[in-house]
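J.: Residue numbers (the numbering used here): 124 to 371.
(1) Do residue 151 and residue 271 have their beta-carbon atoms positioned less than 9 Å apart in this structure?
(2) Starting from the N-terminal side, write out each stretch of the alpha helix (DSSP H) that is 4 residues or longer and does not extend beyond the segment 231-280.
(3) Report the start-end ranges of each alpha helix (DSSP H) in the segment 302-365 that is 4 residues or longer and not cut off at the edges.
(4) My parser needs the alpha helix (DSSP H) runs of 4 or more residues fully inside the segment 192-218; what are they?
(5) When DSSP labels each residue in this structure, what does residue 225 get in the three-state scheme?
(6) Just to confirm my understanding: we take residue 139, look at its own chain, exclude 5 residues before and 5 after, and list those with CB closer than 7 Å. What are they?
(7) Quick one, which of 303, 299, 204, 357 has its alpha-carbon nearest residue 255's?
(8) Applying the 10 Å Cβ sphere with the 16-neighbour rule, what's the burial state of residue 328?
(9) Apply the 10 Å Cβ neighbour rule to residue 185 and answer buried if 16 or more other Cβ atoms are within range, or exposed otherwise.
(10) Nearest by alpha-carbon distance to residue 197: which of 229, 322, 274 is it?
(11) Spatial neighbours of residue 258 within its chain, please: C-beta separation below 6 Å, excluding the five flanking residues on both sides.
(12) As a quick exercise: from 132, 274, 362, pick the residue whose alpha carbon is nearest that of residue 171.
(13) Using the Cα positions of residue 338 and residue 332, report the straight-line distance between them to the nearest angstrom.
(14) Helix, strand or coil, according to DSSP, for residue 156 in the structure here?
(15) Expressed to the nearest angstrom, what Euclidean distance is found between the alpha-carbon atoms of residue 311 and residue 210?
(16) Helix, strand or coil: which one does DSSP assign to residue 146?
(17) Grab me the residues of residue 278's own chain with a C-beta within less than 8 Å of its C-beta, minus the 5 sequence neighbours each way, in chain order.
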(Lines of atoms letter the chains of each structure in order from A and count residues from 1; the text may use other names and numbers.)
(Lines give C-alpha, C1' and ligand atoms only; values in the text may rest on other atoms or scores of the structure.)
Protein backbone atom coordinates (compact mmCIF):
# COMPACT_ATOMS: atom_id res chain seq x y z
CA UNK A 1 0.00 0.00 0.00
CA UNK A 2 1.92 3.02 -1.27
CA UNK A 3 1.81 5.82 -3.82
CA UNK A 4 3.41 5.75 -7.26
CA UNK A 5 6.09 8.18 -6.12
CA UNK A 6 7.02 6.01 -3.16
CA UNK A 7 6.98 2.88 -5.34
CA UNK A 8 9.37 4.48 -7.83
CA UNK A 9 11.71 5.36 -4.96
CA UNK A 10 11.67 1.77 -3.72
CA UNK A 11 12.37 0.14 -7.09
CA UNK A 12 15.05 2.61 -8.19
CA UNK A 13 17.78 0.47 -6.63
CA UNK A 14 17.09 -2.34 -9.13
CA UNK A 15 17.90 -0.06 -12.09
CA UNK A 16 15.15 -1.05 -14.52
CA UNK A 17 14.76 -4.68 -13.46
CA UNK A 18 11.45 -3.69 -11.84
CA UNK A 19 8.85 -1.39 -13.40
CA UNK A 20 5.67 0.25 -12.15
CA UNK A 21 3.09 -1.92 -13.91
CA UNK A 22 -0.14 -0.27 -12.80
CA UNK A 23 -1.26 2.75 -10.82
CA UNK A 24 -4.67 1.66 -9.57
CA UNK A 25 -5.26 4.27 -6.87
CA UNK A 26 -3.62 6.79 -4.53
CA UNK A 27 -2.16 3.98 -2.39
CA UNK A 28 -2.44 0.99 -4.74
CA UNK A 29 0.43 0.25 -7.12
CA UNK A 30 1.48 -2.92 -8.96
CA UNK A 31 5.12 -3.52 -9.93
CA UNK A 32 6.49 -6.08 -12.37
CA UNK A 33 9.89 -7.39 -13.42
CA UNK A 34 12.56 -9.99 -12.73
CA UNK A 35 11.42 -12.66 -10.29
CA UNK A 36 14.53 -12.50 -8.09
CA UNK A 37 14.39 -8.71 -7.95
CA UNK A 38 10.75 -8.89 -6.90
CA UNK A 39 11.63 -11.35 -4.14
CA UNK A 40 14.21 -8.88 -2.84
CA UNK A 41 11.71 -6.03 -3.05
CA UNK A 42 9.08 -7.97 -1.10
CA UNK A 43 11.57 -8.65 1.67
CA UNK A 44 12.78 -5.05 1.78
CA UNK A 45 9.27 -3.57 1.70
CA UNK A 46 8.19 -5.83 4.54
CA UNK A 47 11.02 -4.47 6.66
CA UNK A 48 9.73 -0.95 6.00
CA UNK A 49 6.20 -1.89 7.08
CA UNK A 50 4.85 -1.57 3.54
CA UNK A 51 1.95 -3.94 2.91
CA UNK A 52 2.82 -6.01 -0.15
CA UNK A 53 1.76 -9.33 -1.68
CA UNK A 54 2.72 -11.34 -4.73
CA UNK A 55 0.33 -11.73 -7.66
CA UNK A 56 0.40 -15.36 -8.79
CA UNK A 57 1.20 -14.98 -12.50
CA UNK A 58 4.05 -16.40 -14.57
CA UNK A 59 4.61 -13.39 -16.82
CA UNK A 60 5.81 -9.82 -16.26
CA UNK A 61 3.46 -7.61 -18.25
CA UNK A 62 3.87 -3.83 -18.20
CA UNK A 63 7.62 -4.16 -17.76
CA UNK A 64 10.76 -4.34 -19.89
CA UNK A 65 10.11 -8.08 -20.33
CA UNK A 66 7.40 -7.26 -22.89
CA UNK A 67 9.96 -5.62 -25.17
CA UNK A 68 11.46 -9.04 -25.88
CA UNK A 69 8.29 -10.12 -27.68
CA UNK A 70 7.49 -6.81 -29.36
CA UNK A 71 8.09 -7.95 -32.94
CA UNK A 72 6.20 -11.19 -32.40
CA UNK A 73 3.24 -9.36 -30.86
CA UNK A 74 3.08 -6.82 -33.67
CA UNK A 75 3.14 -9.63 -36.24
CA UNK A 76 0.38 -11.57 -34.48
CA UNK A 77 -1.75 -8.46 -34.01
CA UNK A 78 -1.25 -7.11 -37.54
CA UNK A 79 -4.39 -8.81 -39.00
CA UNK A 80 -6.62 -7.35 -36.28
CA UNK A 81 -9.19 -4.96 -37.76
CA UNK A 82 -10.66 -2.61 -35.13
CA UNK A 83 -14.44 -2.19 -34.98
CA UNK A 84 -16.33 0.82 -33.76
CA UNK A 85 -17.07 0.23 -30.05
CA UNK A 86 -20.65 0.07 -28.86
CA UNK A 87 -19.59 1.90 -25.69
CA UNK A 88 -17.31 4.98 -25.64
CA UNK A 89 -13.74 3.94 -24.85
CA UNK A 90 -11.57 5.89 -22.39
CA UNK A 91 -8.04 4.54 -22.53
CA UNK A 92 -5.72 3.93 -19.57
CA UNK A 93 -2.89 4.09 -22.12
CA UNK A 94 -3.50 7.52 -23.62
CA UNK A 95 -5.57 9.00 -20.80
CA UNK A 96 -8.29 10.18 -23.18
CA UNK A 97 -11.26 9.04 -25.25
CA UNK A 98 -10.09 7.12 -28.30
CA UNK A 99 -11.62 6.02 -31.58
CA UNK A 100 -11.52 2.50 -33.01
CA UNK A 101 -8.93 3.48 -35.62
CA UNK A 102 -6.42 4.09 -32.83
CA UNK A 103 -6.65 0.54 -31.47
CA UNK A 104 -4.32 -1.13 -33.93
CA UNK A 105 -1.59 -3.65 -33.14
CA UNK A 106 0.81 -0.94 -32.00
CA UNK A 107 -1.77 0.32 -29.49
CA UNK A 108 -2.22 -3.11 -27.94
CA UNK A 109 1.53 -3.62 -27.69
CA UNK A 110 1.83 -0.28 -25.92
CA UNK A 111 -1.08 -1.29 -23.70
CA UNK A 112 0.82 -4.42 -22.63
CA UNK A 113 4.18 -2.65 -22.21
CA UNK A 114 3.20 0.66 -20.63
CA UNK A 115 2.07 1.38 -17.07
CA UNK A 116 -1.70 1.04 -16.62
CA UNK A 117 -2.82 4.56 -15.70
CA UNK A 118 -6.08 3.64 -13.97
CA UNK A 119 -5.99 6.31 -11.26
CA UNK A 120 -5.43 9.21 -13.71
CA UNK A 121 -8.16 7.79 -15.95
CA UNK A 122 -10.67 7.65 -13.09
CA UNK A 123 -9.74 11.18 -12.02
CA UNK A 124 -10.31 12.42 -15.56
CA UNK A 125 -13.69 10.70 -15.79
CA UNK A 126 -14.77 12.06 -12.41
CA UNK A 127 -13.71 15.56 -13.45
CA UNK A 128 -15.86 15.27 -16.59
CA UNK A 129 -18.94 14.40 -14.53
CA UNK A 130 -19.03 10.60 -14.49
CA UNK A 131 -20.50 9.30 -11.25
CA UNK A 132 -20.66 5.52 -11.58
CA UNK A 133 -17.89 2.93 -11.91
CA UNK A 134 -18.75 -0.76 -12.36
CA UNK A 135 -15.96 -3.32 -12.38
CA UNK A 136 -16.65 -6.03 -14.96
CA UNK A 137 -14.68 -8.98 -13.61
CA UNK A 138 -15.10 -12.42 -11.99
CA UNK A 139 -14.37 -10.81 -8.62
CA UNK A 140 -13.93 -7.14 -7.65
CA UNK A 141 -10.26 -6.28 -7.13
CA UNK A 142 -10.24 -2.63 -8.21
CA UNK A 143 -13.29 -1.22 -6.45
CA UNK A 144 -11.25 -0.25 -3.38
CA UNK A 145 -8.54 1.75 -5.23
CA UNK A 146 -11.15 3.30 -7.54
CA UNK A 147 -13.17 4.29 -4.47
CA UNK A 148 -10.05 5.83 -2.92
CA UNK A 149 -9.44 7.81 -6.11
CA UNK A 150 -13.01 9.12 -6.08
CA UNK A 151 -12.71 10.06 -2.41
CA UNK A 152 -9.39 11.82 -3.01
CA UNK A 153 -11.05 13.83 -5.77
CA UNK A 154 -13.57 15.10 -3.22
CA UNK A 155 -16.67 13.93 -5.07
CA UNK A 156 -19.35 11.29 -4.62
CA UNK A 157 -19.69 8.40 -7.04
CA UNK A 158 -21.01 4.84 -7.13
CA UNK A 159 -18.26 2.22 -7.20
CA UNK A 160 -19.31 -1.43 -7.28
CA UNK A 161 -18.50 -4.80 -8.81
CA UNK A 162 -20.60 -7.20 -10.86
CA UNK A 163 -19.70 -10.83 -10.16
CA UNK A 164 -18.02 -12.40 -7.14
CA UNK A 165 -15.84 -15.40 -6.51
CA UNK A 166 -18.09 -18.45 -6.38
CA UNK A 167 -21.05 -16.35 -7.58
CA UNK A 168 -20.59 -16.05 -11.30
CA UNK A 169 -24.16 -16.45 -12.51
CA UNK A 170 -26.99 -14.16 -13.49
CA UNK A 171 -28.36 -14.06 -9.95
CA UNK A 172 -25.22 -12.29 -8.73
CA UNK A 173 -25.18 -10.02 -11.77
CA UNK A 174 -28.80 -8.99 -11.23
CA UNK A 175 -28.06 -8.39 -7.55
CA UNK A 176 -25.21 -6.07 -8.52
CA UNK A 177 -27.49 -4.23 -10.92
CA UNK A 178 -29.99 -3.82 -8.10
CA UNK A 179 -27.30 -2.48 -5.78
CA UNK A 180 -26.26 0.04 -8.41
CA UNK A 181 -29.89 1.01 -9.10
CA UNK A 182 -30.66 1.67 -5.43
CA UNK A 183 -27.68 4.03 -5.39
CA UNK A 184 -29.00 6.08 -8.29
CA UNK A 185 -27.54 4.37 -11.36
CA UNK A 186 -29.97 4.12 -14.28
CA UNK A 187 -30.59 0.49 -15.26
CA UNK A 188 -32.47 -0.65 -18.37
CA UNK A 189 -34.43 -3.41 -16.66
CA UNK A 190 -36.37 -4.26 -19.81
CA UNK A 191 -33.11 -5.00 -21.58
CA UNK A 192 -31.65 -6.83 -18.58
CA UNK A 193 -34.64 -9.19 -18.50
CA UNK A 194 -35.27 -9.26 -22.26
CA UNK A 195 -35.49 -13.06 -22.40
CA UNK A 196 -37.55 -13.41 -19.22
CA UNK A 197 -40.88 -12.30 -17.80
CA UNK A 198 -40.14 -10.69 -14.47
CA UNK A 199 -42.97 -9.62 -12.19
CA UNK A 200 -43.06 -6.87 -9.63
CA UNK A 201 -43.56 -8.32 -6.16
CA UNK A 202 -44.63 -6.76 -2.90
CA UNK A 203 -42.14 -6.21 -0.14
CA UNK A 204 -42.17 -9.06 2.37
CA UNK A 205 -44.04 -8.46 5.60
CA UNK A 206 -42.13 -7.89 8.79
CA UNK A 207 -42.46 -9.99 11.93
CA UNK A 208 -42.81 -7.27 14.53
CA UNK A 209 -41.74 -8.21 18.06
CA UNK A 210 -44.70 -6.29 19.53
CA UNK A 211 -42.83 -4.98 22.54
CA UNK A 212 -44.22 -1.86 24.17
CA UNK A 213 -42.00 0.99 25.26
CA UNK A 214 -44.47 3.44 26.84
CA UNK A 215 -42.98 5.95 29.24
CA UNK A 216 -44.11 5.40 32.82
CA UNK A 217 -45.56 8.63 34.27
CA UNK A 218 -45.23 9.36 38.00
CA UNK A 219 -48.40 8.59 39.94
CA UNK A 220 -50.42 11.67 40.97
CA UNK A 221 -50.94 12.28 44.68
CA UNK A 222 -54.41 11.23 45.87
CA UNK A 223 -54.54 13.95 48.55
CA UNK A 224 -55.76 17.35 47.39
CA UNK A 225 -53.94 20.54 48.34
CA UNK A 226 -55.88 21.95 51.40
CA UNK A 227 -55.23 25.58 50.43
CA UNK A 228 -56.41 24.96 46.91
CA UNK A 229 -59.49 23.14 48.20
CA UNK A 230 -60.34 26.02 50.57
CA UNK A 231 -59.94 28.54 47.76
CA UNK A 232 -62.44 26.85 45.48
CA UNK A 233 -64.89 26.19 48.33
CA UNK A 234 -64.94 29.90 49.22
CA UNK A 235 -65.56 30.72 45.56
CA UNK A 236 -68.44 28.27 45.32
CA UNK A 237 -69.96 29.42 48.63
CA UNK A 238 -69.52 33.11 47.89
CA UNK A 239 -67.58 33.45 51.18
CA UNK A 240 -65.68 36.71 50.66
CA UNK A 241 -63.93 36.56 54.02
CA UNK A 242 -62.79 32.97 53.37
CA UNK A 243 -61.72 33.96 49.86
CA UNK A 244 -59.61 36.79 51.27
CA UNK A 245 -58.00 34.47 53.81
CA UNK A 246 -56.92 31.97 51.10
CA UNK A 247 -55.30 34.79 49.18
CA UNK A 248 -53.25 35.64 52.20
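From the three backbone atoms N, C-alpha and C, an ideal C-beta is built for every residue, glycine too.
T.: Quick look at the numbers:
(1) Remark: C-beta atoms of residue 271 and residue 151 approach each other more closely than 9 Å.
(2) Listed in chain order, the complete alpha helix (DSSP H) runs (minimum 4 residues) inside the segment 231-280 are 241-250, 266-275.
(3) Within the segment 302-365, complete alpha helix (DSSP H) segments of at least 4 residues are found at 312-315, 349-360, given in chain order.
(4) Segments of the alpha helix (DSSP H) lying fully in the segment 192-218: 193-200.
(5) It is helical.
(6) Within the same chain, residue 139 has close Cβ partners 187.
(7) Comparing alpha carbon positions, the residue from 303, 299, 204, 357 closest to residue 255 is 303.
(8) It is exposed - the Cβ of residue 328 has fewer than 16 other Cβ atoms within 10 Å.
(9) Buried, since its Cβ has 16 or more Cβ neighbours within 10 Å.
(10) When only C-alpha atoms are compared, the closest one is 229.
(11) The beta carbon of residue 258 is closer than 6 Å to those of 265, 266, 284 in its chain, skipping five residues each way along the sequence.
(12) Looking only at 132, 274, 362, the smallest Cα-Cα distance to residue 171 is reached by 132.
(13) Answer to the nearest angstrom: the Cα atoms are 18 Å apart.
(14) If DSSP states are grouped into helix, strand and coil, residue 156 belongs with the strands.
(15) Rounded to whole angstroms, residue 311 to residue 210 spans 15 Å at the Cα level.
(16) Shown here, residue 146 sits in a strand according to DSSP, grouped into three states.
(17) Closer than 8 Å at the Cβ level, and outside the excluded window around residue 278, lie 249, 254.
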